[in-house]
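Let me begin by presenting the structure, written as structure tokens, before commenting on it.
Residue numbers (my numbering): 383 to 583.
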């Protein structure tokens, strides 16, 4: 009887310890799964924070860049020496255009059959377009408030000068170079004022 009881106790102990081992193993597996889930959760949170910080940093950098460009634009516009420098450069270019247009008037009178008014009209505008585009190409390297100063020029100026050229070629009192120079100079003085107005708008 004692032998049967001891065997039963041993079997019971083995079965009890086996259950504890199973329970312990299940606890360890659940603990590991929970730790893995927590680490993944923390990793996703950290990745989101890093991504949001990167996006916010890029926005801030773009905003700083835009503000720097605006401040540079404002400071350049406020410096009087910048405007004076540009007025000197553009003034020389417009004065050269006056001389070129006066020579154009003389050349058309001498070389063209001015009785054909339509052909003469087209030639005047073609030549004035060349003068205008050449002057703009010389303005391109210079900037004011972040724009090439050629951006402040207008194609309407060609027609303004063309009207003066035509009026001189077909003037009822004939050829008068002094009058032609005065009228062309007056037209370009108006163009200069328009140009300076466009720069300061």
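Even glycine gets a Cβ: it sits at the ideal position worked out from N, Cα and C.
Assumed close pair residue i, residue j - CB separation to whole angstroms, cut-off 8 Å
i	j	result
residue 542	residue 569	6 Å
residue 445	residue 506	With 8 Å as the limit, residue 445 and residue 506 do not qualify as a contact, their Cβ atoms being about 51 Å apart.
Beta-carbon spacing of residue i, residue j below 7 Å
i	j	result
residue 522	residue 535	no
residue 544	residue 510	yes
residue 476	residue 574	yes
residue 496	residue 551	yes
residue 579	residue 540	no
residue 452	residue 526	no
Exposure of residue i, with buried meaning 16 or more beta-carbon neighbours within 10 Å
i	result
residue 557	exposed
residue 479	buried
residue 577	buried
residue 546	buried
residue 437	exposed
residue 472	buried
residue 483	buried
Test: residue i CB closer than 7 Å to a CB of chain B
i	result
residue 484	Of the protein chains in the structure, only one exists, and it is not chain B.
beta-carbon residue i near the ligand PLP non-hydrogen atom, thresh 6 Å
i	result
residue 492	The model on display carries no ligand, and the ligand PLP is accordingly not part of it.
Identity of the residues DSSP links to residue i by a beta bridge
i	result
residue 472	In DSSP, residue 472 forms no bridge with anything.
residue 595	Outside the displayed span of the chain (383 to 583) sits residue 595, for which this structure offers no information.
Closer than 8 Å is the cut-off here; do at least three beta carbon pairs connect the stretch 482-495 with the stretch 552-562? Taking 8 Å as the limit for Cβ pairs, the verdict is that the stretch 552-562 does touch the stretch 482-495.
Are the stretch 463-481 and the stretch 490-506 in contact at 8 Å, needing three or more beta carbon pairs? Taking a cut-off of 8 Å on C-beta distances, the stretch 463-481 does not touch the stretch 490-506, as fewer than three cross pairs fall below it.
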